[in-house]
Structure formats: structure tokens, C-alpha cells
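Numbering (the working numbering), first residue to last: 651 to 939.
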């Protein structure tokens with residue numbers, strides 16, 4: 651693999667994770683009293699409108715193939731957005747993001763349950779270290795709805811990631827994204843009506859800013875992983891935590907304490923180590939060209 655391609659992919663992931671944290675900032679500034687279902691509906695609608703011009707990349711022959719899986723992922727995604735809004739508006743930016751990074755650990759556990767995959771010793775260590783890191787960051791005495799919501803958001807991310815393997819292989823990532831937003835729209839619209847609140851400008855701005863930036867993140871990830879092996883660059887995904895610390899410190903005056911630093915290292919370091927180990931194994935068993 652050319653070094654230039656790997657460097658380009660890493661830079662794209664660094665930029666993409668900055669966009670993702672920027673999306674979180676738009677959510678956070680809306681405040682704790684934000685009408686969440688109004689936000690979910692508006693962001694989903696905006697994302698659909700942005701993706702619609704790319705319809706030529708959709709599977710127009712069997713567009714609703716795998717509908718049950720798509721529907722379940724969409725509902726999990728909506729629940730995840732709900733949890734993330736609660737977490738981001740009630741926890742420090744970096745703290746919420748640190749808990750979100752538990753998602754890869756939950757993916758490993760769900761893969762064992764759903765696909766009967768086996769964990770390596772290093773994977774087991776990453777699981778225990780990650781959950782211990784959550785306890786260190788949040789500390790049981792500080793557990794609140796925001797902390798539980800952050801864990802719920804991580805679980806929703808993990809469910810979505812695991813269920814990708816159940817989707818029809820002929821469907822492009824853009825098709826999957828579009829269908830996910832399409833299926834969540836009527837449900838979020840119903841809850842939006844149930845909320846019974848008038849449209850608010852701050853929610854509109856939050857939905858536009860957050861939606862555009864998270865789509866930008868999705869595009870950078872797609873391009874980054876297109877030409878390189880995932881295990882070569884996936885550790886760059888964790889730069890998002892650095893962005894969250896920096897932006898939270900500068901913008902919201904949320905200085906991280908020693909508990910946050912230690913807990914974050916307990917979550918991230920084993921995952922990076924695991925990624926490097928997978929890369930080493932892949933290189934060892936790769937046939938010579």
C-alpha cells in the first residue's frame with residue numbers, strides 16, 4: 651500500500667472526526683431544554699434532501715431489500731440520536747465523546763452474541779479496560795441521566811455497526827444512509843407532533859449545522875477507507891477525542907481532570923493496541939505478491 655495513500659486516509663479521518671465533533675457542538679449549544687424529536691425530524695429531512703441528488707448511486711432495482719434490518723437500524727439510530735442529544739447537552743463535550751468511544755468495545759461483545767465470534771485475549775482486555783475506563787471517567791457518584799444517555803448512544807452506534815453485516819451486499823453505503831433517514835422520518839415526525847412544540851430557530855440551525863457536518867464526516871470516512879485496509883488507519887478515528895477536549899476547553903471552558911485523562915486512556919489505548927495487533931496479523935498472513 652503506497653505511503654501517500656495511508657497518509658491521505660489518516661488526514662481525512664482526522665478532518666472527518668473534527669467535523670463530527672463540530673456536529674456535536676451544534677447539538678450542545680442548543681441547550682438542555684431542546685425539543686429532541688423536532689431536532690431528529692429536521693436533521694433527517696435535511697439529510698434526505700442532501701442525499702436525494704445522488705439517487706443514481708442507489709439500488710433502484712431492489713431498493714427495499716432487507717427492509718426489516720434497515721428498519722431496526724433506523725429505529726436504533728433514532729434512539730441513538732436521542733441519547734446523544736441528552737448526553738451532549740448535559741455532560742462536558744469531551745466526557746460524552748469519551749463514553750461514545752466505548753462503541754467499538756460493545757461491537758466486539760455483540761459480535762460474540764450475534765455472530766458467535768471469538769474474542770482474543772487482547773480483545774477481552776480491551777473490553778474490561780474500556781468499561782473500567784467508563785467508571786473512572788463518570789465515577790458512580792456522578793452517574794446521571796446524561797451518563798446513562800451517553801452509554802445508550804454508544805450502544806446504538808454498536809448495534810448499527812454490527813447490523814451492517816446483515817444488509818444486502820449490493821446496496822451502496824449511500825443507499826443505506828438514505829434508507830435509514832427515510833425510514834426514521836415518519837417515526838420522528840409522529841414524535842415531533844406528539845411533542846407539540848412550535849418550530850424553533852435554534853433547532854433549525856442546530857439541525858442544519860449538525861446534519862451537514864455529520865454527512866461531511868460520513869463522506870470523509872467513505873473516501874478514507876476506500877483505498878486502504880481499515881486496520882492501517884483506524885486508530886486515527888480516536889483523534890476525535892482530542893478535538894473534543896480542545897474544543898470543549900476553548901469554547902465551553904470544560905477543562906479535563908485527571909480522572910478523564912486516565913479513563914480515556916483506559917478506553918482508547920487498548921483499542922489502538924488491538925488495531926495494531928490486527929494489522930500485524932494481517933501482514934503476517936498476507937501472501938507475497
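Backbone N, C-alpha and C define an ideal beta-carbon position, used for all residues, glycine too. In this text, all values refer to a predicted model and were calculated from it rather than measured experimentally.
Tell me which same chain residues have a C-beta within less than 7 Å of the C-beta of residue i, skipping the five on either side of it?
| i | result |
| --- | --- |
| residue 704 | 824 |
| residue 858 | 696 |
| residue 919 | none |
Given this structure, state the Cα-to-Cα distance separating residue i from residue j, to the nearest angstrom.
| i | j | result |
| --- | --- | --- |
| residue 698 | residue 658 | 29 Å |
| residue 853 | residue 742 | 20 Å |
| residue 801 | residue 820 | 32 Å |
| residue 746 | residue 686 | 17 Å |
| residue 693 | residue 841 | 14 Å |
| residue 1002 | residue 773 | With the chain running from 651 to 939 in the structure shown, residue 1002 is simply not present. |
| residue 655 | residue 896 | 27 Å |
| residue 713 | residue 832 | 12 Å |
| residue 812 | residue 680 | 31 Å |
Is residue i helix, strand or coil by DSSP?
| i | result |
| --- | --- |
| residue 724 | helix |
| residue 658 | helix |
| residue 845 | helix |
| residue 680 | coil |
| residue 607 | Residue 607 lies beyond the range of the chain shown here (651 to 939); nothing can be said about it. |
| residue 913 | helix |
| residue 772 | helix |
| residue 850 | coil |
| residue 794 | coil |
| residue 907 | coil |
| residue 716 | coil |
| residue 920 | helix |
Consider the Cβ of residue i: report whether some Cβ of chain B lies at a distance smaller than 9 Å.
| i | result |
| --- | --- |
| residue 866 | The displayed structure is made up of one protein chain only, and chain B is not part of it. |
Got a sec? Which residues, its chain only, sit under 8 Å from residue i by beta carbon, not counting five neighbours each side?
| i | result |
| --- | --- |
| residue 740 | 682, 794, 795, 796 and 799 |
| residue 769 | 758, 762 and 777 |
Can residue i and residue j be called in contact, C-beta distance under 9 Å?
| i | j | result |
| --- | --- | --- |
| residue 921 | residue 748 | no |
| residue 827 | residue 701 | yes |
| residue 668 | residue 909 | no |
| residue 734 | residue 674 | yes |
| residue 751 | residue 804 | yes |
| residue 709 | residue 822 | yes |
Taking the runs of the alpha helix (DSSP H) that are 4 residues or longer, which of them lie wholly in the stretch 730-789?
743-750, 753-765 and 771-788
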